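There are 2 protein chains.
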Amino acid sequence: VKKLVIFGVGLIGGSLALALKQAQYVTHIVGVGRSHASLDEALALKIIDSAETNFASALQDADLVMIAAPVAQTSEILQKIQPHLAPNTVITDAGSTKSDVLEAAKNVLGNQFSQFVGGHPIAGAEKSGAAAALANLYVGKNVIITPTQETNKEAVEVVRELWKACGANVSAMPADEHDSIFAAVSHLPHLLAFALVDDIASRNNANQLFSFAASGFRDFTRIAGSHPEMWRDISLANKAALLSELASFKEELNTLQQLLETEDANGLFALFERASLARNKWAQSKQ
Amino acid sequence: VKKLVIFGVGLIGGSLALALKQAQYVTHIVGVGRSHASLDEALALKIIDSAETNFASALQDADLVMIAAPVAQTSEILQKIQPHLAPNTVITDAGSTKSDVLEAAKNVLGNQFSQFVGGHPIAGAEKSGAAAALANLYVGKNVIITPTQETNKEAVEVVRELWKACGANVSAMPADEHDSIFAAVSHLPHLLAFALVDDIASRNNANQLFSFAASGFRDFTRIAGSHPEMWRDISLANKAALLSELASFKEELNTLQQLLETEDANGLFALFERASLARNKWAQSKQ
Numbered sequence: 007v008k009k010l011v012i013f014g015v016g017l018i019g020g021s022l023a024l025a026l027k028q029a030q031y032v033t034h035i036v037g038v039g040r041s042h043a044s045l046d047e048a049l050a051l052k053i054i055d056s057a058e059t060n061f062a063s064a065l066q067d068a069d070l071v072m073i074a075a076p077v078a079q080t081s082e083i084l085q086k087i088q089p090h091l092a093p094n095t096v097i098t099d100a101g102s103t104k105s106d107v108l109e110a111a112k113n114v115l116g117n118q119f120s121q122f123v124g125g126h127p128i129a130g131a132e133k134s135g136a137a138a139a140l141a142n143l144y145v146g147k148n149v150i151i152t153p154t155q156e157t158n159k160e161a162v163e164v165v166r167e168l169w170k171a172c173g174a175n176v177s178a179m180p181a182d183e184h185d186s187i188f189a190a191v192s193h194l195p196h197l198l199a200f201a202l203v204d205d206i207a208s209r210n211n212a213n214q215l216f217s218f219a220a221s222g223f224r225d226f227t228r229i230a231g232s233h234p235e236m237w238r239d240i241s242l243a244n245k246a247a248l249l250s251e252l253a254s255f256k257e258e259l260n261t262l263q264q265l266l267e268t269e270d271a272n273g274l275f276a277l278f279e280r281a282s283l284a285r286n287k288w289a290q291s292k293q
Numbered sequence: 007v008k009k010l011v012i013f014g015v016g017l018i019g020g021s022l023a024l025a026l027k028q029a030q031y032v033t034h035i036v037g038v039g040r041s042h043a044s045l046d047e048a049l050a051l052k053i054i055d056s057a058e059t060n061f062a063s064a065l066q067d068a069d070l071v072m073i074a075a076p077v078a079q080t081s082e083i084l085q086k087i088q089p090h091l092a093p094n095t096v097i098t099d100a101g102s103t104k105s106d107v108l109e110a111a112k113n114v115l116g117n118q119f120s121q122f123v124g125g126h127p128i129a130g131a132e133k134s135g136a137a138a139a140l141a142n143l144y145v146g147k148n149v150i151i152t153p154t155q156e157t158n159k160e161a162v163e164v165v166r167e168l169w170k171a172c173g174a175n176v177s178a179m180p181a182d183e184h185d186s187i188f189a190a191v192s193h194l195p196h197l198l199a200f201a202l203v204d205d206i207a208s209r210n211n212a213n214q215l216f217s218f219a220a221s222g223f224r225d226f227t228r229i230a231g232s233h234p235e236m237w238r239d240i241s242l243a244n245k246a247a248l249l250s251e252l253a254s255f256k257e258e259l260n261t262l263q264q265l266l267e268t269e270d271a272n273g274l275f276a277l278f279e280r281a282s283l284a285r286n287k288w289a290q291s292k293q
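Here the protein sequences come in this chain order: R and Y. Residues 7 to 293, numbered by our numbering, are exactly what the first sequence covers, in order. Residues 7 to 293, numbered by our numbering, are exactly what the second sequence covers, in order.
This is the structure in structure tokens:
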């Protein structure tokens, strides 16, 4: 890849740039962003080689375009890219939801939709912004790409190789399958953590409750400290799958409630044991 | 304190013993347990000075008795202690629920109930057993004691000073207040984590789901790896408060569901922002 254009040089886009530079996979990286300050920071940190605010010059001779801006901006960015898009330029993204992104890309790009490959790196960190970017953020991490039947096969390979050059494990699957999986293992847990903290924070004795919360609460609610704007956008983008997960979880809570009400010691033990074994087996497999 | 008797020399009882030895607060520590192996281990690690399986000799001349065995055994241990209990021996415990423990103590000890002080150190760790015991486990941690109007004032002070000698911050409150607080900030989060993992583990595509679960899922579900037996006992012991928390949480989930169904972006943002601000403020206060 000679010229890579990254929209949004924060943790995700910045870490990609650093990883690709380290792997000597890209000759020139152009950063495009809404804020001059963050582009200047990315230049100073040598994350990008040049910064652009003009879309036409940014896109000129670009081999690959990565959209790593907040998901709600994807459609707008695609609209600004479209008039300057050469037939051989591949576009991809790093958003946490995929069906909505593919729909936006199809609407905006029309018959150039074949050049778009949806992607989602399963990596994040407590911090955000270019200053938090790490060259090794994607090493050993999963990246999912969501090609469709219309997607150009060479474009898919370009994006797959891009992530492999960062040390990631790349899987391909349909966008709706991706969205179902992440509704279950990521989006629902975030909603539950937000809900628990909001429930406690709204009480008269909130300060007392928080003062006795300890390490279990700390870990359980870590994801409740996430960006409200990002999670509003993810929740709305993945509404259908998330509502389905919420319904399933409420069923599980009803089961637990009944076990408690009837003081079913064996039933409670069995449920806790199934969960505990599954959780510890998972944790071991991740080590 | 000249003679301290500890029932259950695991993480909680063992760490107490190590902390008190380090503070030179106790002259002689006797361990009592169901298993010879764990007593031998505690002796070998110099956590206890002697081991006993006979209750009469263990209790003789004891100033203080700590019950740090699983909560479900508390009533049985009290029954075995009661015939050998001198009028000046103070008894306390380290169980995660307090109303049920006080009720058991009152039933078993009768007019010696004044010698019993309920306690709960808010400390734990991934590991359990004497080998995991740490002299500094309680430094800076909260310990709640739950004296009643019948409790001997000197007994309360003995238990308060015991925990202060370990470096803990000691608060006193009624048992039902304790149980309400921990239903909210500890017991409900455990139930939610167990429920989420059980819900996922029961699906046909559980392996696929687990394979894409990442760091948010890891932290959110850490407490789902807890001991099933311990959490069965805590759930049943604190049933009323826990059912009340479950009802409150389901209301909060219904609110979230409605915000999602109506695509209320501002409402979702407001809820996530309240939670995120409260969670990050809490985390900062704990640093």
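C-beta: ideal position from N, C-alpha, C; glycine also. Since we're looking at a predicted model, the values are computed, not measured.
Compute the Euclidean distance between the alpha carbons of R/GLN155 and R/PHE119, then round it to the nearest angstrom.
11 Å
Nearest by alpha-carbon distance to Y/GLY124: which of Y/GLU109, Y/ILE151 and Y/GLN214 is it?
Y/ILE151
Is DSSP giving R/ASP106 helix, strand or coil here?
helix
Do R/SER177 and R/ASN158 have their CB atoms nearer than 9 Å?
no
Given that a residue counts as buried once 16 or more other Cβ atoms are within 10 Å of its Cβ, and exposed if not, what is R/VAL145?
exposed
Helix, strand or coil: how does DSSP classify Y/MET72 here?
strand
Below 8 Å on the Cβ atoms is my contact criterion, and I expect Y/LEU259 with R/LEU266 to pass it. Report the Cβ-Cβ distance as a whole number of Å.
About 17 Å; that fails the 8 Å criterion.
So that I know if they touch, is there some Cβ in chain Y lying closer than 9 Å to that of R/SER134?
no
Establish whether the CB of R/LYS170 and some CB of chain Y are separated by less than 9 Å.
no
Y/ASP99 lies in the beta strand (DSSP E); which residues open and close that run?
Per DSSP, Y/ASP99 belongs to the beta strand (DSSP E) from 96 to 99.
Using a 10 Å radius around the Cβ and a threshold of 16 neighbouring Cβ atoms, would you call R/GLY135 buried or exposed?
exposed
Would you mind sorting R/ALA141 into buried or exposed? The rule is 16 or more other CB atoms within 10 Å of its CB.
buried
Bridge partners for R/GLY37 per DSSP, in chain order?
R/ILE12 and R/ALA57
Is DSSP giving Y/PRO93 helix, strand or coil here?
coil
Rounded to the nearest angstrom, what separates Y/HIS126 and Y/ALA100 at their Cα positions?
5 Å
Any idea what DSSP makes of Y/HIS126, helix, strand or coil?
strand
Which residues in chain R have a C-beta closer than 8 Å to the C-beta of Y/VAL191? List them in chain order.
ILE206, LEU215, PHE216, PHE218, ALA219, ALA220 and PHE223
So which residues on chain Y does R/GLY231 lean against when the C-beta distance must stay under 8 Å?
SER282, ARG285, ASN286 and ALA289
If we count Cβ pairs, one from each stretch, closer than 8 Å, do we get three or more for the region 208 to 215 of chain Y versus the region 170 to 188 of chain Y?
no
Residues of chain Y with CB under 9 Å from R/LYS245, in chain order?
Counting only Cβ-Cβ distances below 9 Å, R/LYS245 has contacts in chain Y at LEU266, GLU267 and GLU269, in chain order.
Between which residues of its own chain and Y/SER232 is the CB-CB distance below 7 Å, once the five residues before and five after are set aside?
HIS196
Using a beta-carbon distance cut-off of less than 9 Å, what residues from the region 139 to 156 of chain R approach chain Y?
LYS147, ASN148 and ILE150
Work out the CA separation of R/ALA43 and R/SER241 for me, nearest whole Å.
29 Å
Excluding the 5 residues flanking R/ARG166 on each side, which residues of the same chain have their C-beta closer than 7 Å to its C-beta?
ILE151 and VAL176.
Could you name the residues of the region 24 to 58 of chain R whose beta carbon sits closer than 7 Å to any beta carbon of chain Y, in the order they occur along the chain?
none
If the cut is a Cβ gap below 9 Å, which residues of chain R does Y/LYS256 touch?
LYS256, LEU259, ASN260 and GLN263
Measure how close the beta-carbons of R/GLY20 and R/ALA48 come, nearest whole angstrom, since I'm counting them as under 8 Å.
Contact flag correct, Cβ pair sits at about 6 Å.
Under DSSP, the beta strand (DSSP E) around R/SER177 begins and ends at which residues?
175 to 178
Taking only the alpha-carbon atoms, compute the straight-line gap between Y/LYS170 and Y/VAL11 and give it to the nearest angstrom.
18 Å
On the CB-based measure, 16 or more other CB atoms within 10 Å of its CB, does R/GLU251 come out buried or exposed?
buried
Whole angstroms are fine: how far does the CA of Y/PHE122 sit from the CA of Y/CYS172?
Using only the alpha carbons, I get a separation of about 20 Å.
Rounded to the nearest angstrom, what separates Y/ALA299 and Y/ALA29 at their Cα positions?
Because chain Y is modelled from 7 through 293, residue 299 of chain Y falls outside the range shown and cannot be assessed.
Could you spell out where the beta strand (DSSP E) holding R/ILE151 opens and where it closes?
148 to 151
Given this structure, state the Cα-to-Cα distance separating R/GLN66 from R/TYR31, to the nearest angstrom.
19 Å
Determine the closest residue to Y/ALA64 out of Y/ILE54, Y/VAL77, Y/GLY37 and Y/SER81, with distance taken between C-alpha atoms.
Comparing Cα-Cα distances from Y/ALA64 to each of Y/ILE54, Y/VAL77, Y/GLY37 and Y/SER81, the minimum goes to Y/GLY37.
With a cut-off of 9 Å, does the C-beta of R/THR227 fall near any C-beta of chain Y?
yes
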